[in-house]
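Quick note on full-length UniProt numbering: the sequence shown kicks off at 1 and runs consecutively. Reviewing the structure listed below.
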Amino acid sequence: MDKKTYIQANKDWLAEKSKEEGVHALAKGVFYKVLSSGDSSGKSPSARSIVTVHYTGQTIDGKQFDSSRGSVPLAIRLSDLIEGWIIALQQMHVGDRWEVYIPAEMGYGKLSQPGIPGGSVLIFDIELLGVA
C-alpha cells in the first residue's frame with residue numbers, strides 16, 4: 001500500500017470509529033471510549049502535571065508498538081507527550097481507563113517512528129493511575 005493510500009485508510013478508519021456507540025469526541029479530532037471509570041471527583045492532570053499511567057499503543061491493523069503493561073507504569077510530565085495524549089489525559093480522572101484514538105496530526109504526523117508508519121492513527125489503551 002502506498003503512503004497516500006495508507007494515510008487515507010487511517011483517516012477512513014477514524015471516521016468510522018468516531019460513529020460507533022460509546023465513542024466520544026475531544027478537541028482536535030481525538031476520540032475515546034471509556035473502558036472503566038475511576039472516581040469522577042478524582043484528580044485530573046494539567047499539562048504541567050506528572051502523570052503515572054499504564055498504556056498499550058497500537059496501529060489500526062492491531063500491531064502493538066509499545067506497552068507498559070507487565071512492567072513499571074510510565075511516569076512523565078504530561079506536556080512532554082504527544083498532543084493527543086495531552087488532550088485526552090486532561091479530561092481523565094485517576095482510575096479512568098480509556099481507549100483513545102489519536103489522528104496522525106495529534107500523534108507523530110507524517111514522521112515514521114519504530115513500528116509506526118507516518119500518517120498513522122494511534123490507538124492507546126490508557127489507564128490513569130496517578131497525578132502529581
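Here a beta-carbon is modelled for each residue, glycine too, at the ideal position from N, C-alpha and C.
For the options A75, K28 and A9, the alpha carbon positioned closest to that of G107 is the one of K28.
Residue V121 holds the alpha-carbon nearest to the alpha-carbon of W13 among V100, V121 and D125. L111 counts as exposed, since fewer than 16 other C-beta atoms from the protein chains shown sit within 10 angstroms of its C-beta.
Bounds of any beta strand (DSSP E) do not take in Y6; it lies within the alpha helix (DSSP H) bounded by K3 to K17. One alpha carbon belongs to A25, the other to S18, and they sit about 7 angstroms apart. Spanning the alpha carbons of P73 and S41 requires a straight line of approximately 23 angstroms.
Between the region 51 to 65 and the region 123 to 132 there are three or more inter-stretch CB-CB distances shorter than 8 angstroms, so the stretches are counted as touching. Boundaries cannot be given for A132, as no alpha helix (DSSP H) includes it and DSSP labels it neither H nor E.
Our two residues, V94 and A47, have alpha carbons roughly 15 angstroms apart in a direct line. The beta carbons of K43 and W98 sit no closer together than 9 angstroms.
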